[in-house]
Amino acid sequence: MTDKFLDKVYDARTADETRELYDAWSASYEAEVAENGYATPGRCAEALAKHLKDKDAPILDFGCGTGLSGLALKLAGFTTIDGVDLSADMLAQAKDKSVYRSLTQIEPGAAITGECKAIAAIGVIGAGAAPISTFDLIMKALPKGGYFVLSFNDHALADPVNEGRVAEWCDCGAARLLVKDYGPHLPGLDMKSNVYVLEKL
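The structure is reproduced here in structure tokens:
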């Protein structure tokens, strides 16, 4: 019997505990999310593709995991995708997909380096995963005119701090909200998510 992780992934934990959980989950992750109809990567990639017309522009897939988000971006037409993640075991799975130009293991809170036109954080920020400070880290790393595509699932939406951070960046004129779309996340668990695309001003 394969361990199931979706029932425990949303519990609060330290960064090291998160890394250990995702390392342990790496071998069965894709099968478990697939059986629940994981829809968010495709929704995010399609939303970004409507606004970022240059499909050769470099994209950073932040928290790329096993590469499902990178695969979705490739299927949406993007050609130059770099991935970073905390989990070495997840990155090993991502490498097998051959969709990334580069893959790098990072430490929690590390500065984002390198030039990119867009950053994706698909299923990354929220309960049991990256803290909301990651949102600021990503926005600061983007160039003016760059795009940030992200998702908050129902667990993340239950904490008003998360959507509040989106509003803060937009209300002060530092970013423009181009997309906010509530739809399927893990239909098998009756879970939904908001997909966002922001442009940095």
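Mapping the sequence shown onto this note's numbering, position 21 (from 1) lands on 2, and the numbers just tick up by one.
Backbone N, C-alpha and C fix where the C-beta goes; we use that ideal spot for every residue, glycine too.
Given the structure is predicted, the values throughout are model-derived calculations rather than measurements.
C-alpha distance - Ala57 paired with Gly46, whole-angstrom precision: Locating residue 57 in the sequence shown gives position 76, where the first residue counts as 1. Locating residue 46 in the sequence shown gives position 65, where the first residue counts as 1. Taking the straight line joining both Cα atoms gives about 18 Å.
Candidates Gly18, Glu13, Ala28 and Met71, of which the one nearest Val176 by Cα: Working through the sequence shown from its first residue, we reach residue 176 at position 195. The shortest C-alpha separation from Val176 is found at Ala28.
Which listed residue (Ala15, Asp70 and Gly48) has its alpha carbon closest to that of Gly64: Position 83 of the sequence shown holds residue 64. Residue Gly48 is the option with its Cα nearest to Gly64.
Enclosing alpha helix (DSSP H) for Ala99 [first to last residue]: Translated into positions along the sequence shown, residue 99 becomes position 118. Careful: Ala99 lies outside any alpha helix (DSSP H), inside the beta strand (DSSP E) at Ala99 to Ala102.
Cutoff 8 Å; reference Thr61; Cβ partners in own chain excluding five residues on either side: Start at 1 with the first residue of the sequence shown, and residue 61 comes out as number 80. These residues qualify, in order along the chain: Asp37, Ala38, Pro39, Ile40 and Arg82.
Close-in-space but distant-in-sequence residues of the same chain around Glu11 (CB under 6 Å, 5 per side omitted): Sequence index remark: in the sequence shown, residue 11 carries index 30 (1-based). Within the same chain, Glu11 has close Cβ partners Thr47.
Beta-bridge partners of Ala156, as assigned by DSSP: Working through the sequence shown from its first residue, we reach residue 156 at position 175. Answer is Lys181, bridged to Ala156.
contact_flag[the region 113 to 123, the region 93 to 102] where n(CB pairs < 8 Å) is 3 or more: yes
Start and end residues, alpha helix (DSSP H) containing Asp135: Along the sequence shown, one-based indexing puts residue 135 at 154. Segment Asp135 to Leu138, the alpha helix (DSSP H) holding Asp135.
Rounded C-alpha distance that separates Leu138 from Val80: Counting from one through the sequence shown, the residue named residue 138 turns up at place 157. Counting from one through the sequence shown, the residue named residue 80 turns up at place 99. About 30 Å.
8 Å contact criterion, which Glu180 and Gly126 should meet: CB distance rounded: Residue numbering aside, residue 180 sits at position 199 when the sequence shown is read from its first letter. Residue numbering aside, residue 126 sits at position 145 when the sequence shown is read from its first letter. Going by Cβ atoms, the distance from Glu180 to Gly126 rounds to 7 Å, so yes, they are a contact pair.
Contact set for Gly18: own chain, Cβ-Cβ below 6 Å, skip 5 residues either direction: As a working mapping, residue 18 is identified with position 37 in the sequence shown. Only Pro168 and Gly169 meet the Cβ criterion.
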